[in-house]
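Each number in this note's numbering corresponds to the 1-based position in the sequence shown with 4 added. So the structure is just underneath, and the comments pick up after that.
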Amino acid sequence: MNSLSEQKHGAPTQTILPNIPPNDSKLTYIYGQYQFHCISEGGFTYLVMADDSAGHALCLFFRAQTELNQVKDIMVQNVEQIVNRGERIELLVEKTDVMAGQATAFRRDAKSVRRQMWWKNTKVMAFCGTVALVFLWIFISQFCV
Numbered sequence: 005m006n007s008l009s010e011q012k013h014g015a016p017t018q019t020i021l022p023n024i025p026p027n028d029s030k031l032t033y034i035y036g037q038y039q040f041h042c043i044s045e046g047g048f049t050y051l052v053m054a055d056d057s058a059g060h061a062l063c064l065f066f067r068a069q070t071e072l073n074q075v076k077d078i079m080v081q082n083v084e085q086i087v088n089r090g091e092r093i094e095l096l097v098e099k100t101d102v103m104a105g106q107a108t109a110f111r112r113d114a115k116s117v118r119r120q121m122w123w124k125n126t127k128v129m130a131f132c133g134t135v136a137l138v139f140l141w142i143f144i145s146q147f148c149v
């Protein structure tokens, strides 16, 4: 830094920086023909120097732009999360449809198996009844004749 630049910028900043309060605040200092806009927020201090003719709004424009970019980034993240959530919901809907189809097939197959088992049981009971009647006929025919 040359000595002219140090005189223009170094002395005012050395005077202003110790006077910035540690809590969150927005302050403007006028030092000669310059305006120094200070923003303390979340442990960070932002200091902008501008000619007095630039005006207060133009000096704080960078801060607003930064905040807009942060809001935009947050909105993009939120949209991405919504899209991801939508994809997960679609996946759940697809799995639910598959499970509903499987449940219908299971119910149909269970009815079929139940009918088959009923016929098998009926056939076994009929066979046992026939065998019992044959033994009864044999038993009666041997002792009654």
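Built from N, CA and C at the ideal position, the CB exists for glycine as well.
Report task. Mind the definition here: the stretch 66–76 touches the stretch 84–97 only if three or more C-beta pairs lie below 8 Å; say whether that holds. Result -> Because the criterion of three Cβ pairs below 8 Å is not met, the stretch 66–76 and the stretch 84–97 do not touch.
Query raised in the report: DSSP on residue 39, reduced to helix/strand/coil?
Result: It is a strand residue.
Query raised in the report: How should residue 40 be labelled, buried or exposed, when 16 other C-beta atoms within 10 angstroms of its C-beta is the threshold for buried?
Result: Buried.
Requested in this report: State whether the stretch 102–109 contacts the stretch 80–90, with contact taken as three or more CB pairs (one from each stretch) at a distance under 8 Å.
Outcome: With fewer than three CB-CB distances shorter than 8 Å, the stretch 102–109 does not count as touching the stretch 80–90.
Query - Beta-carbon proximity list for residue 38, same chain, < 6 Å, skipping 5 on both sides - result: The beta carbon of residue 38 sits closer than 6 Å to the beta carbons of 53 from its chain, once the five residues preceding and following it are set aside; these are given in chain order.
Query raised in the report: For residue 36, which of 22, 88, 57 has the nearest alpha-carbon?
Result: Taking only the C-alpha atoms, the option nearest residue 36 is 57.
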